[in-house]
Structure formats: structure tokens, C-alpha cells
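Some notes on the structure that comes next.
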Amino acid sequence: MTSSPTTAEGTELYRADFETFTAGRTGAEPSWLRRLREEAMERFQERGFPTVAEEDWRFTNVTPIARTAFRRPALTDASGVRIADVTALGFGDAFAGHQVVFVDGRLAPALSSLAAEDGLRVGSLADLLSREPERLEPHLGRVANAAAPSFADLNAAFLEDGAYVFIPPGLVVEKPIHLVFLSSRGSDASPILSQPRALVVAGRGSQARIVESYGGVPGAAYFANGVTEIALEDGAALDHYKAQRESVAAFHVGLTAVVQGRASRFRSYSFALGGRIARHDVHQRFAGEGGECELNGLFAVAGEQHTDTHTVIDHAHPHCTSRELYKGILDGRSRGVFVGRIIVREGASKTDAHQTNKNLLLSREALVDSVPQLEILASDVKCKHGSTTGQLDPAALFYLRSRGIDEAAARSLLVSAFAGDVVGRVGVPALRAALESHLRERLPGLRDRQIQEAVL
Amino acid sequence: MLEIKNLHASARGQEILKGVDLSVKAGEVHAIMGPNGSGKSTLAHVIAGRPGYEVTQGSVLYKGHDLLAMTPELRAREGVFLAFQYPVEIPGVSNVYFLKAALNAIRKHRGQSELDAMDFLSLVKEKAKLVDIDESLVKRPVNEGFSGGEKKRNEIFQMAILDPQLAVLDETDSGLDIDALRVVAAGVNQLRAPERAMVLVTHYQRLLDYIVPDVVHVLLDGRIVKSGDKELARELEARGYEWLEAPAAR
């Protein structure tokens with residue numbers, strides 16, 4: 119057992135846990151996987167939890183996470199999660215697709231429904247690691263690279279299960295694929311560390327829609343630390359949705375790492391609604407020419423919630439297009455962060471990149487930090503960015519009221535219209551309905567059906 | 025229908041209306057003319073209840089009730105309508121569906137049954153014809169991407185749908201070319217009715233060639249300094265406002 123020269127504060131517990139974890143894994147596991155975990159543990163131990171002294175974390179203080187003694191879930195913890203918790207995050211009967219449920223990062227077969235479809239493979243990493251680990255070796259832990267936050271290392275150190283989706287070349291998957299990641303309650307003294315993991319490989323010229331839902335027992339103070347790796351081969355088209363609806367007492371940190379082959383199209387839609395402290399990193403890179411990337415997002419928080427989104431779009435090759443639209447709605451004493459980095463590397467000519475961030479503050483105490491970061495090292499490129507933060511337009515509010523719409527309804531209508539710009543782009547009807555219903559719960563004025571109808 | 029007495033109102037600490045008296049009866053059309061900054065738009069906004077104005081003195085009675093005590097939405101439900109000088113663009117909100125919600129809120133307030141989608145859409149068809157507005161336009165987001173003329177037509181269209189008892193038109197003529205002005209005026213004229221009162225706030229006499237008012241008032245420095253019939257409007261067109269300024273400053 120190697121040990122790191124330095125041990126960052128707060129990591130000892132996880133090192134000890136790691137020793138127990140590895141000692142308990144006596145089965146035949148591929149050496150590359152053991153090495154991947156070892157190296158991740160070492161990096162995590164050395165780097166530790168990020169601090170506000172780091173540029174990428176200056177707006178988000180994760181001390182409450184670092185100071186809590188989270189424990190890895192026992193298999194029995196999952197038994198506390200009921201079908202009702204899944205339904206709450208699912209889309210009821212309206213969802214017609216493949217659905218796989220993971221509790222605390224482990225497959226819950228009883229809660230999953232999987233249909234085989236023309237070579238599409240959706241299943242559990244643990245299962246595939248025991249049968250065909252060679253299929254995972256080229257991808258697992260390789261899309262998320264060294265630039266990932268140390269949280270990704272913590273996830274990789276304990277990698278044992280998660281979701282995989284293999285879409286064979288040329289296949290158009292008609293039904294959406296829903297990956298549900300639930301966290302169990304644990305106890306107050308030792309809340310659960312739930313570490314969801316997903317790997318998606320979209321074969322050459324394939325097309326699919328994938329939804330990731332995150333949530334847990336309402337009011338529970340668990341920590342969900344997820345990593346999703348997505349590889350798009352040449353010409354693949356993938357729509358990726360992330361619906362984060364964690365308990366408002368929980369912590370959520372998630373990395374979505376994406377690598378795009380030549381002429382592939384990736385569209386992402388991220389909804390950050392839950393969590394006490396939530397952070398989502400999207401790390402995208404073009405690995406070939408002619409790719410298209412769209413990153414859309416909505417964060418809507420209230421009360422004491424803190425939500426942080428960091429995106430990186432890496433134009434490493436010429437002739438690629440990226441469009442980014444993130445919107446934030448902040449109420450109560452909540453805080454939002456959007457940092458959007460676009461890198462145009464040397465030689466990446468004919469890059470076309472747009473970034474927009476718009477934030478709506480619904481209370482005086484709410485706060486948002488919006489930081490565009492453009493690093494342009496190539497010539498002959500088009501790059502644009504814009505950021506606005508404001509309150510509800512009083513002129514619009516008065517206009518609606520002057521027609522007879524009451525104030526609460528007028529406010530809700532305007533907030534909903536603001537969100538509609540992103541929600542309206544959701545191409546999975548059942549998810550869209552679920553998001554709309556989530557927003558309705560927070561916007562009392564929308565209970566009137568006629569007001570709902572007025573949202574385009 | 026509308027009784028304004030000694031109305032004083034200020035915005036951002038500055039007094040704009042300095043004692044307005046105005047009485048409008050059902051069936052009448054009153055024009056309020058005056059130069060820029062005389063307080064015309066403030067008067068319109070105070071009647072509609074726009075936040076940001078402070079009434080420091082005086083009273084406004086509408087159908088015998090204290091209008092100033094009502095929220096803007098309650099005024100609308102009681103039959104007050106303001107056609108905006110600068111109609112607001114509201115992306116993401118459907119013009120026609122927000123109007124349906126508004127109309128039904130008004131109908132509910134009046135104790136009438138709500139209109140269903142079918143009845144409402146036939147009403148839309150009928151009223152769109154009245155102001156010669158494209159039906160596809162009214163179904164778009166509120167005023168978004170509308171030309172100046174389309175926005176004004178949309179205001180009159182909304183007025184026709186909501187069927188108010190007191191309509192205040194704030195410079196509905198400004199920015200319109202003559203063709204658009206004719207269309208808007210024709211729409212307004214069709215809405216003239218014995219049970220409905222209208223107040224036209226305007227800068228130019230031109231509108232009054234098409235909508236002939238019963239009474240013309242001149243508002244100058246926050247007071248109505250002269251009232252008369254439509255001939256007063258012509259006189260103002262010919263002579264300007266300067267000849268009236270002396271009495272206003274008394």
C-alpha cells in the first residue's frame with residue numbers, strides 16, 4: 119500500500135474507509151480498476167476538499183461537507199428507500215422509456231425496468247465489471263480528466279457500481295433512457311455518502327436521449343457525489359438531461375464530463391433545483407472537427423440554498439459550434455453562481471461560441487455571481503457572451519395587473535415565462551411536465567389553470 | 025362615472041399633478057391635451073393605479089367608489105382600462121391566453137360565468153377584425169417583436185376583448201402613420217357606447233379628427249386650465265399652448 123506524502127485535512131476518514139473497502143474486495147477485479155481507485159484515492163488525499171482559496175471554488179464554501187463524517191452506505195441502507203421515492207422523481211405513467219434505479223450508487227434491480235432494444239445496453243457497472251471489464255477499460259475514468267474537482271477523485275476511489283449505457287453505432291434509440299440516482303437517509307450522526315456514477319458511450323452515428331434524476335428522502339442530509347462520463351463517437355447525437363431534485367438539506371456535487379468526436383452533437387439540459395449546497399461542473403471538450411454543443415441550464419433555488427454551476431467548453435478543434443444558455447431564479451436568502459469558461463485553443467479556427475447567462479432575483483437577500491471566462495487563443499473565431507441579472511420587470515408586472523390579473527398570479531406568470539425559455543426546450547415530455555409541476559409548487563399564482571395556459 | 029377633485033400627485037418627490045378637476049359621465053368621450061411634461065400620462069397612470077405615484081391631495085371617485093383605494097387589478101375588474109403609451113413586451117407570455125385569464129377574472133368579479141376556450145376564441149376572431157389585427161399576431165408573446173402600430177392595435181384589441189366601462193387611452197395616436205391611425209380610431213369609435221366613458225390623452229389634435237370628443241381639456245403644468253368642445257382642439261393646433269400659459273402660472 120502506497121501512502122501519500124501529504125494528507126489534506128478531512129481526508130483521513132476516507133483513507134481509512136478506503137482501506138476497509140479495498141480489503142473487503144477479494145474477488146477477481148481487473149488490475150486497471152484497482153489502480154484507478156488507488157490513484158484517485160491518492161490524489162484526493164493530497165488535494166483534499168477544495169477551499170475558497172481556489173479560483174474554481176471561491177464562491178462555494180464546502181466546509182460543511184468536509185467537516186461532516188459521512189459514511190459509505192451499507193447494503194441494508196437501501197432497504198429504507200421505497201418505491202414511492204422513485205415515483206416522486208419519476209414521471210409517473212407518462213414516462214415511456216427505459217428506467218434504471220440506483221440507490222446510494224448501487225443498482226436496485228427491483229425498482230428498475232429494462233427493455234432490450236436492438237443492441238442497446240443499459241445496466242449496472244458492477245455487473246459488467248464482473249463479466250466484461252474490457253468493455254469499460256477504454257472509457258471508465260478517462261473522460262473525466264485531471265481538471266476535474268477532487269470530488270471526482272473521491273467518487274472514483276470507491277468506484278464499484280453505477281450505470282452504463284452503450285448505444286451501438288447507427289442506432290436511433292426512440293425511447294428516452296432514465297437513470298435515477300436516489301440517496302438513502304442514513305442517520306443524523308452518520309449521514310450517507312452516496313456516490314452515483316454513470317458512463318455513456320454513444321456509438322458512431324447513434325442518437326439517444328438520456329435523463330439523469332437525482333433525489334433522496336425529503337429532508338435527509340445525505341451527500342450525493344456523482345460523476346457522469348459521456349463519450350460521443352463521430353457523428354453521434356445525444357441529448358442529456360440532468361434533473362437535480364435533491365432534498366433541500368442534502369449536499370450535491372456532480373461532474374458531467376463529455377468528450378465529443380468529429381461532427382457529433384451534444385445537447386445538455388441541467389436543472390438544479392434541490393440541495394442545501396449544490397455544485398454542478400460540466401466539462402466538455404471537442405476531440406474532432408465540426409462538433410456542435412449546446413449547454414442549457416436552469417437553477418431555481420430559495421431559502422438558504424446555495425447552487426453553483428461551472429461549465430467548461432473546450433474548443434480544441436476547428437469548425438465547432440457551441441451555444442450556452444443558463445438561467446437562474448433566486449428567492450429568499452439563496453445564492454447562485456454561474457461561471458462559464460470557453461477555451462478556444464490555438465488552431466481552432468472557425469469556432470463559433472455564444473454564451474448567455476440571465477438571472478432573476480426575487481428577493482432583496484438573494485444573490486448571484488455570474489462570471490464569463492473566455493480564453494481565445496485562435497484567430498478567425500466568433501465568440502459572444504452576455505450576462506444579465508435583475509428583478510421582475512415592474513412595467514410588465516403592472517401591465518398584467520392593469521388587465522385584471524392579480525399580483526401573485528402576475529408574478530408567477532412572469533417567473534414561469536422566464537424559466538419557460540429553458541424548460542420549453544426539454545424534449546422529453548414527461549420530464550418537462552415534471553419540471554413544470556415542480557415550478558408550479560413554488561409559484562402559488564400558477565395554481566390557476568388559465569395562468570398556466572398563458573406560459574408559452 | 026369618473027369624478028376627479030383637486031388631485032395632487034407626485035413621483036420621486038416631485039409634484040406633477042397640482043389640483044386636477046375632471047368629471048366624465050357615461051357615454052362621453054373626453055380629450056386631454058397638453059404639451060410634454062404637463063402631467064397627461066401621470067393622470068392616466070394614477071387612474072390605472074401604477075405604482076410609483078403618490079397622491080398627496082384630492083380624490084378620485086369611480087362609479088361613486090374611491091378608486092385610489094383599489095389595487096390595479098381590482099380597478100381593471102371594476103371596468104377601468106388603460107391603453108398604454110408604451111405597451112410592454114413580455115416574452116414567454118401568450119398574449120391571447122393571458123387575455124383569456126384576464127377576461128375571466130373580470131367576468132368572475134362581475135358574477136358572470138367564465139368563457140371556455142371555444143367561446144373565447146370566437147370572441148378573439150370577432151375583435152381582431154375590429155382593429156384589423158392579424159390573428160396569428162395576437163397569439164404571439166405579448167407585444168414581443170410587434171411594430172409600433174401593431175402594439176397600439178393590440179391595446180385596442182385588448183380593450184375590445186375586456187369590454188371596460190372607463191377606458192383611458194394614453195397617447196394611443198403617437199407614433200402611428202395615418203393608415204394605422206385610421207384603423208385604431210375606427211376601432212375606438214366602434215367601442216363608443218352609451219354605458220362606456222373614454223378619456224383620450226393626446227399630444228396632437230390629429231387624433232381628434234377621427235375620434236370626435238364631447239369635451240376637450242387642456243392640461244398645463246399639472247392643472248386643467250381650459251375646457252371646451254372640439255373647436256378648442258383646433259384652436260390649440262393653430263395657436264399652440266403658449267397663449268394658455270399665463271393663466272396657468274397665476
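Order-wise, the sequence lines are chains A and B. The C-terminal position of the first sequence is numbered 574 in my numbering, with every residue numbered one higher than the one before it. The C-terminal position of the second sequence is numbered 274 in my numbering, with every residue numbered one higher than the one before it. Each residue gets a CB set at the ideal place from its N, CA and C atoms; glycine is no exception.
(request) Could you tell me whether the Cβ of Y121 of chain B comes closer than 8 Å to any Cβ of chain A? (result) yes
(request) Kindly indicate which three-state DSSP category N30 of chain B falls into: helix, strand or coil? (result) strand
(request) Under 9 Å between beta-carbons, which chain A residues line up against V236 of chain B? List them in chain order, please. (result) Those do not exist, as V236 of chain B stays about 27 Å from chain A at its closest Cβ, beyond 9 Å.
(request) Report buried or exposed for P111 of chain B, applying the criterion of at least 16 other Cβ atoms within 10 angstroms of its Cβ. (result) buried
(request) With DSSP collapsed to three states, give me the class of R143 of chain A. (result) coil
(request) Run down chain A in chain order and give the residues with a C-beta less than 9 Å from the C-beta of A184 of chain B. (result) The contacting residues do not exist; A184 of chain B stays about 13 Å from chain A at best.
(request) Pick out whichever of B:V212, B:L243, B:I248 and B:A217 has its Cα sitting closest to the Cα of V233 of chain B. (result) For clarity, residue 233 of chain B is Asp in the given sequence; the question names Val instead. It is B:V212.
(request) Identify whether S148 of chain B lies in helix, strand or coil by the three-state DSSP scheme. (result) Residue 148 of chain B is actually Val in this sequence, not Ser. Residue state, collapsed to three classes: helix.
(request) Work out the CA separation of P251 of chain A and H424 of chain A for me, nearest whole Å. (result) 38 Å
(message) Considering only the alpha carbon of each residue, which of B:A221, B:D245, B:D143 and B:R247 lies closest to V239 of chain B?
(response) B:A221
(message) I'd like to know whether the C-beta of E137 of chain A is nearer than 8 Å to at least one C-beta of chain B.
(response) no
(message) According to DSSP, M222 of chain B sits in a beta bridge with which residue or residues?
(response) B:V53 and B:A191
(request) Using a Cβ-Cβ cut-off of less than 8 Å, give me the residues of the region 509-524 of chain A that come near chain B, in sequence order. (result) D511, P512, A513, A514, F516, Y517, L518, R519, S520, R521, G522, I523 and D524
(message) Measuring only the C-alpha atoms, how far is R274 of chain B from S62 of chain B?
(response) Reliability fails at R274 of chain B, whose pLDDT of 41 lies under 50, so the model's placement of it is uncertain and the value that follows must be treated cautiously. Their Cα atoms are separated by approximately 16 Å.
(message) Within 8 Å of any Cβ in chain A, is that where the Cβ of V97 of chain B sits?
(response) Here residue 97 of chain B is Glu; the residue named in the question, Val, does not match the sequence. Yes, its Cβ sits closer than 8 Å to a Cβ of chain A.
(request) Look up E554 of chain A in the DSSP assignment and say whether it is helix, strand or coil. (result) helix
(message) Counting only C-beta atoms, is L531 of chain A closer than 8 Å to chain B at any point?
(response) yes
(request) With a 10 Å radius around its C-beta and 16 neighbouring C-beta atoms as the bar for buried, classify S331 of chain A as buried or exposed. (result) buried
(message) Is it buried or exposed, L518 of chain A, if we count other Cβ atoms within 10 angstroms and call 16 or more buried?
(response) buried
(message) Does the region 115-128 of chain B come into contact with the region 164-171 of chain B, if we say contact requires no fewer than three beta-carbon pairs (one atom in each stretch) closer than 8 Å?
(response) yes
(message) Quick check: the Cα distance between R253 of chain A and V283 of chain A, rounded to an integer number of angstroms?
(response) 11 Å
(message) Does L154 of chain B come out as helix, strand or coil in the three-state DSSP assignment?
(response) helix
(request) Mind checking which residues open and close the alpha helix (DSSP H) that includes F516 of chain A? (result) P512 to R519
(message) Just checking: is the beta-carbon of S121 of chain A within a distance shorter than 8 Å of some beta-carbon in chain B?
(response) Note that S121 of chain A scores a pLDDT of 48, beneath 50, so its modelled location is shaky; the value from the coordinates is reported in the next line. Answer no: the Cβ-Cβ gap between S121 of chain A and chain B never drops below 8 Å.
(message) Counting beta carbon pairs with one atom in the region 272-281 of chain A and one in the region 302-320 of chain A, are three or more of them shorter than 8 Å?
(response) yes
(request) Could you work out which residues of chain A lie near N128 of chain B, taking near to mean beta carbons separated by less than 7 Å? (result) Q568
(request) Take K49 of chain B as the anchor and find which of B:E159, B:V223, B:S137 and B:L31 has the nearest alpha-carbon. (result) B:V223
(request) Going by DSSP, name the residue or residues bridged to N475 of chain A. (result) A:Y444 and A:S505
(request) Using a threshold of 8 Å, state whether the C-beta atoms of T576 of chain A and S481 of chain A are closer than that. (result) Summary: the structure shown does not reach residue 576 of chain A, with chain A confined to residues 119 through 574, and so no result is reported for it.
(message) Looking at A496 of chain A: is its Cβ nearer than 8 Å to the Cβ of R463 of chain A?
(response) yes
(request) Would you decide whether V290 of chain A is buried or exposed? Buried here means 16 or more other CB atoms lie within 10 Å of its CB. (result) exposed
(message) If you reduce the DSSP assignment to three classes, tell me which class Y110 of chain B lands in.
(response) coil
(request) For the alpha helix (DSSP H) containing Y77 of chain B, list its first residue and its last residue. (result) Premise fails: Y77 of chain B lies in the beta strand (DSSP E), Y77 to Y86, not in any alpha helix (DSSP H).
(message) Given a cut-off of 8 Å on the beta-carbon distance, is the pair G173 of chain B and L200 of chain B in contact?
(response) yes
(request) With DSSP collapsed to three states, give me the class of G211 of chain B. (result) helix
(message) For A273 of chain B, would you say it is in contact with chain A, using Cβ-to-Cβ distances shorter than 8 Å as the test?
(response) Note that A273 of chain B scores 45 on pLDDT, short of 50, meaning its location in the model is unreliable; the coordinates nonetheless yield the value given after this. For A273 of chain B, the answer is no, since every Cβ of chain A falls outside 8 Å of its Cβ.
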